[in-house]
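Colleague:
Protein chains in written order, with our numbering: chain A, 368 to 503; chain B, 368 to 503; chain C, 368 to 503; chain D, 368 to 503; chain E, 368 to 503; chain F, 368 to 503.
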């Protein structure tokens, strides 16, 4: 039987939305306040949702403690209290929009999960803006 | 790559559940307290979820500021602080159940979005009752 | 030892902010959208906070089940799914602002509580607007 | 038109994660603190999401009052303030993981719903751990 | 200048409300479902609020990381995933009502804090029931 | 009759905790990850709570629309999407801890309020860390 198990986590980071190929004027017009050259920041809330077959003996799809530790090691230790543009190699040439951060997180977690498990990422930039990505 | 971006908004409105073809007795029995002829009201929480291909240059699916302004113009300005039954032409001949309000909102927003974007509406009538509609 | 026990509840109602002594123009200018003659509405979240001495035998200040039933009987049955201006005698000559509703609720509950218990009411009109009243 | 209506509910229960075929040592190692032989407990938040065709006359998919009463009778009366392992026959031979509880709840509610309605269960064990099951 | 800094934490536990001096019948009548002899359980949400003078050099009242670690060591390690009645010496002769748990937590934390700091505990047993205690 | 009216708002900002009189090593040891020289950031949730006498004619303590506009002009326009250390003169010589930000916000709003109104600020740096200041 197919079931989905989700685990919430969070991290705080600074970022700036900016396209390197564009000049300052175009960036400012397109991204508005989010283009502030001195950066701004967010409390990111992250949900990792894993789908697969339940183990009939244990009644687990996945050990949420193991999933929580994986998120800590792969995502929180990497991005928490960081400047995404300056401190994180993943965003050297990639604009750290919520969409792109979600895709980066999906890739980092997916390669550590057993292959038969499907993964969906939900990432809240604020309480009112969030993104979902499932690798399609 | 397909991704979903969601934006939350809200509005407050009065309404009365009532089927015009039915007599008062049948309405009262079927809709209970929600049929109060003097109306009652809710804080409606609305989530508009847009799905499509991410723009590889900007890293945006859609500008959430633009989406927020669209929701303000099409939904909040139309329904906020209104009596849905008396003030809103959409519900002159349509019972303002959460289901019907969600469908009306979906239609109003869908026709303003680029055609290649899929739209799903989640509408909370209370913290414990909510409806999802995606145009299928 | 003095302790405070709180119980949350909620009710949904329609209302209109309106001062009877003022003409329509002044009401509209002062209360804006909240003066809509056809009413609008809210999901009101209510917290009743009771303070007093803990019973050393039971370890209770007050039975929250009893408090919950009191709120249901005195407040929810009276105001839930009602039009505060039209259906509720408490607001015939009293403008149903969040402040006034909180004071009315405080009086209705206080007279049913044992006299040695202090009562504070917190009333949310929306997630972002709320009022506190403790009878001072 | 296909629409989804959701209703939230909750119940509080004690449980212990334990596989009867395993010895104490293996259980303790695998389930950690959740294997405490004296039990621990949770506030379970439950969302029942029903999908089907809207009734064009009433504008309802389902009466949420009816759905709320069904959840109370089938789930809350059965599991609220209970020890899942000791008090509930459903878990005599089934480990009460969140996954298994969600599946049990799905079966209990599904058989009481009209056959043309699809059901999905979301069950929160804590604010950070939750499970979704839709009978696939 | 006097300021208050709060830190939230949580733990999950099983408990049973029961007064040892009373017979089974009186306990059952008074505490209802909460008297289940097989226990039930909750996700307890805890807020520790510390008040005192801000340090003019650091701009800190207290290091929230230190406060978080203190709560982990003194409260979470002691009560999380435990049966309060069976596993915790604090409740051998003390009924584990929310009121009594809050007082026990206040005493455990207060003696570890610098003497000039005032402490208030807020303890949620469920989202709708909570207790506040500040040592008066 | 004395009553309290609260209004919630929010802003997103980058910051770095750093004491200018200290060397890098001492700053790093004391503030840990929060001392990242490239900054990190937060979604700050702000509650402004105003206490005073209710107006017997209008039933208002204060117009929450006016209060909301005041917060937008004095706080959101000043701090939203900013780097507190680099963009805001208030923090040139003041470490932007949650405590200090709350005090700065209190001063900015207090001087714009009618003198007979008492003001309390609650500022959430994360969902789990928050500060209260009322000018004492």
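Yeah, the Cβ is synthetic: ideal placement off N, Cα and C, and Gly gets one too.
Evaluate the contact criterion for the segment 375-385 of chain C versus the segment 443-459 of chain C: three or more CB pairs, one atom per stretch, below 8 angstroms.
Modeller: With the cut-off at 8 angstroms, the segment 375-385 of chain C and the segment 443-459 of chain C touch.
Colleague: Please report the Cβ distance between residue 379(B) and residue 377(C), rounded to the nearest whole angstrom; I am assuming they are in contact, meaning their Cβ atoms lie under 8 angstroms.
Modeller: So it is not a contact: roughly 14 angstroms between Cβ atoms.
Colleague: Hey, how far is the Cα of residue 375(D) from the Cα of residue 435(D)?
Modeller: Cα to Cα, the separation comes out at about 8 angstroms.
Colleague: Hey, which unbroken runs of the beta strand (DSSP E) at 3 residues or more fall wholly within the segment 370-427 of chain E?
Modeller: Entirely contained in the segment 370-427 of chain E, the beta strand (DSSP E) runs reaching 3 residues are, in chain order, 407-420.
Colleague: What separation, rounded to the nearest whole angstrom, lies between the Cα atoms of residue 431(D) and residue 423(D)?
Modeller: Cα to Cα, residue 431(D) sits roughly 17 angstroms from residue 423(D).
Colleague: For residue 464(F), which residues from the same chain have a beta carbon less than 8 angstroms from its beta carbon, with the 5 sequence-adjacent residues on both sides left out?
Modeller: The residues are 384.
Colleague: Taking just the CA atoms, how far does residue 425(C) sit from residue 477(E)?
Modeller: Rounded to whole angstroms, residue 477(E) to residue 425(C) spans 24 angstroms at the Cα level.
Colleague: With a cut-off of 8 angstroms, do at least 3 Cβ pairs link the segment 403-422 of chain B to the segment 483-502 of chain B?
Modeller: Flag = yes, the segment 403-422 of chain B and the segment 483-502 of chain B touch.
Colleague: Taking the beta carbon of residue 456(E) as the centre, do at least 16 other beta carbons fall within 10 Å, making it buried, or is it exposed?
Modeller: Its Cβ having fewer than 16 others within 10 Å, residue 456(E) is exposed.
Colleague: I want to verify the contact list: residues of chain E whose CB lies under 7 angstroms from the CB of residue 428(C), in sequence order.
Modeller: Per Cβ cutoff of 7 angstroms: 466.
Colleague: Pick helix, strand or coil for residue 499(E), following the three-state DSSP scheme.
Modeller: Strand at residue 499(E).
Colleague: State yes or no: is the beta carbon of residue 375(F) nearer than 7 angstroms to at least one beta carbon in chain C?
Modeller: Chain C contact via Cβ: present.
Colleague: Consider the Cβ of residue 453(E): report whether some Cβ of chain D lies at a distance smaller than 7 angstroms.
Modeller: Closer than 7 angstroms: yes.
Colleague: What's the C-alpha gap between residue 483(C) and residue 428(C)?
Modeller: Residue 483(C) and residue 428(C): Cα-Cα distance of roughly 11 angstroms.
Colleague: Run through chain A and tell me which residues come within less than 8 angstroms of residue 399(D), C-beta to C-beta.
Modeller: Per Cβ cutoff of 8 angstroms: 432.
Colleague: Where do the N-terminal and C-terminal ends of the alpha helix (DSSP H) with residue 429(D) fall, by residue?
Modeller: From DSSP, residue 429(D) is part of no alpha helix (DSSP H); its letter is neither H nor E.
Colleague: Within 7 angstroms (strictly less), CB to CB, does residue 493(C) reach chain B?
Modeller: Answer yes: the Cβ-Cβ gap between residue 493(C) and chain B drops below 7 angstroms somewhere.
Colleague: Report yes if the C-beta distance between residue 402(F) and residue 395(F) is below 7 angstroms; otherwise report no.
Modeller: Yes, the pair counts as a contact, with Cβ atoms nearer than the cut-off.
Colleague: Does residue 381(E) get closer than 7 angstroms to chain D when you measure Cβ to Cβ?
Modeller: Output row for residue 381(E): interface = yes.
Colleague: For residue 459(D), is the classification buried or exposed, using 16 other Cβ atoms within 10 angstroms of its Cβ as the cut-off for buried?
Modeller: Residue 459(D) should be labelled exposed.
Colleague: Under 7 angstroms, do residue 467(E) and residue 493(D) count as touching if we go by C-beta distance?
Modeller: Not a contact, by the Cβ cut-off of 7 angstroms.
Colleague: Taking 7 angstroms as the threshold (C-beta atoms), are residue 388(F) and residue 437(F) in contact?
Modeller: Going by C-beta atoms, residue 437(F) is not nearer than 7 angstroms to residue 388(F).
Colleague: What number of angstroms, rounded off, separates the C-alpha of residue 421(F) from the C-alpha of residue 439(C)?
Modeller: Each residue's Cα considered, the two are about 27 angstroms apart.
Colleague: Would residue 371(A) count as contacting chain D if we go by Cβ distances under 7 angstroms?
Modeller: Cβ-Cβ to chain D under 7 angstroms: yes for residue 371(A).
Colleague: Can you give me the start and stop residues for the alpha helix (DSSP H) that residue 475(C) sits inside?
Modeller: That run of the alpha helix (DSSP H) goes 465-477.
Colleague: Hey, would you say residue 441(C) sits closer than 7 angstroms to residue 475(C), going by beta carbons?
Modeller: Against a cut-off of 7 angstroms, the Cβ pair of residue 475(C) and residue 441(C) comes out as a contact.
Colleague: Below 6 angstroms, is the gap between the Cβ of residue 498(C) and the nearest heavy atom of the ligand FAD?
Modeller: The ligand FAD is not among the ligands present in this structure, which contains no ligands whatsoever.
Colleague: Tell me which residues of the segment 401-413 of chain F have at least one Cβ-Cβ distance to chain A shorter than 7 angstroms, keeping chain order.
Modeller: Result list: 401, 403, 405, 406, 407, 408, 409, 410.
Colleague: So is residue 462(F) in contact with chain A if we call contact Cβ pairs under 7 angstroms?
Modeller: So, not an interface residue.
Colleague: What are the boundary residues of the beta strand (DSSP E) that includes residue 490(A)?
Modeller: First-last of the beta strand (DSSP E) with residue 490(A): 485-493.
Colleague: Under 8 angstroms by Cβ, that's how I've got residue 500(C) and residue 370(F) pegged, so tell me the actual separation to the nearest angstrom.
Modeller: About 5 angstroms separates the two Cβ atoms, so the contact holds.
Colleague: Grab the span of the alpha helix (DSSP H) containing residue 480(F) for me, first residue to last.
Modeller: Taken as a continuous stretch (DSSP letters only), residue 480(F) belongs to no alpha helix (DSSP H), as it is neither H nor E.
Colleague: For residue 446(A), which residues from the same chain have a beta carbon less than 6 angstroms from its beta carbon, with the 5 sequence-adjacent residues on both sides left out?
Modeller: Same-chain partners within the cutoff: 378, 380.
Colleague: Closest to residue 496(A) by CA distance: which of 368(A), 390(A), 469(A) is it?
Modeller: Looking at the Cα atoms, 469(A) is the closest of the given residues.
Colleague: Step through the CB atoms of chain B and report whether any lies within less than 7 angstroms of the CB of residue 421(D).
Modeller: Residue 421(D) counts as touching chain B.
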